[in-house]
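These notes are about the structure you will find just below.
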Amino acid sequence: MPPFFFRPDEKIDTEAYYKVLRYTVLPWFKKNTPPEICVQQDGAPYHMAAKNQMFCKEQYGPFWPKNFWPPSSPDLNLRDFFWWGAIESKTNRDPDLNLDSLKATITKEWDNSLRSTL
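Each residue of the sequence shown is one higher than the last, beginning at -18 in the working numbering.
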């Protein structure tokens, strides 16, 4: 899924994350992924909230509930340990970016890294 950006003044809580899951992630997920893809999240409080756990279980087919998640497994966190590091090295080349151009660069580099790496 392409990067999603919260507004700078937006608090990321259970409800904000639920809206992203429901209105952004779910439509993209249903259109772009095969049904056997398993959804897993990390231990952020809004990921573990009962409302969001139930939504994921009901909507995303195979889903690992929070008690299945390994506590700190780098091999399951490619975005954290590889993708964002690779993208960050490119976005940091120009430290004078404003927020909009930073978002555009992140999105462009995300798309480019997916094509070149996969």
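Cβ coordinates follow ideal geometry from the N, Cα and C atoms, glycine included.
- Using the DSSP secondary-structure output, state which residues sit across from V1 in a beta bridge. Answer by DSSP bridge pairing: none, since V1 is not bridged.
- Starting from the C-beta of G42, find all residues in its chain whose C-beta is less than 6 Å away, skip the five residues before and the five after it, and write them out in chain order. So the qualifying residues of the chain are P16.
- Message: Given a cut-off of 8 Å on the beta-carbon distance, is the pair P(-17) and T88 in contact?
- Response: Result yes, Cβ atoms of P(-17) and T88 sit closer than 8 Å.
- Query: Out of curiosity, what's the CA-to-CA distance linking K47 and Q34?
  - Reply: Straight-line measurement puts the Cα of Q34 at about 8 Å from the Cα of K47.
- Message: Alpha carbons only, please: which of V1, I18, T5, T14 is nearest the one belonging to Y27?
- Response: Ranking V1, I18, T5, T14 by Cα distance to Y27 puts V1 first.
- Message: Using only CA atoms, which one of F(-15), A31, P(-11), E90 lies nearest to W9?
- Response: By alpha-carbon distance to W9, the top candidate from F(-15), A31, P(-11), E90 is F(-15).
- Just curious, the alpha helix (DSSP H) that A67 is in, first and last residue? Counting along the chain, the alpha helix (DSSP H) containing A67 begins and ends at 65 to 72.
- Residue range of the alpha helix (DSSP H) that includes K11: 7 to 13 is the extent of the alpha helix (DSSP H) around K11.
- Skipping 5 residues on each side, what residues in its chain have a beta carbon closer than 6 Å to that of Q22? Closer than 6 Å at Cβ, skipping near neighbours: H28.
- Message: Buried or exposed for C37, going by 16 or more other Cβ atoms inside 10 Å?
- Response: Around the beta carbon of C37, 16 or more other beta carbons lie within 10 angstroms, which makes this residue buried.
- Task: Mind listing, in chain order, the continuous alpha helix (DSSP H) runs of no fewer than 4 residues lying wholly within the segment 16 to 44?
- Result: Taking only runs of at least 4 residues, the alpha helix (DSSP H) segments lying wholly in the segment 16 to 44 are 26 to 29, 31 to 40.
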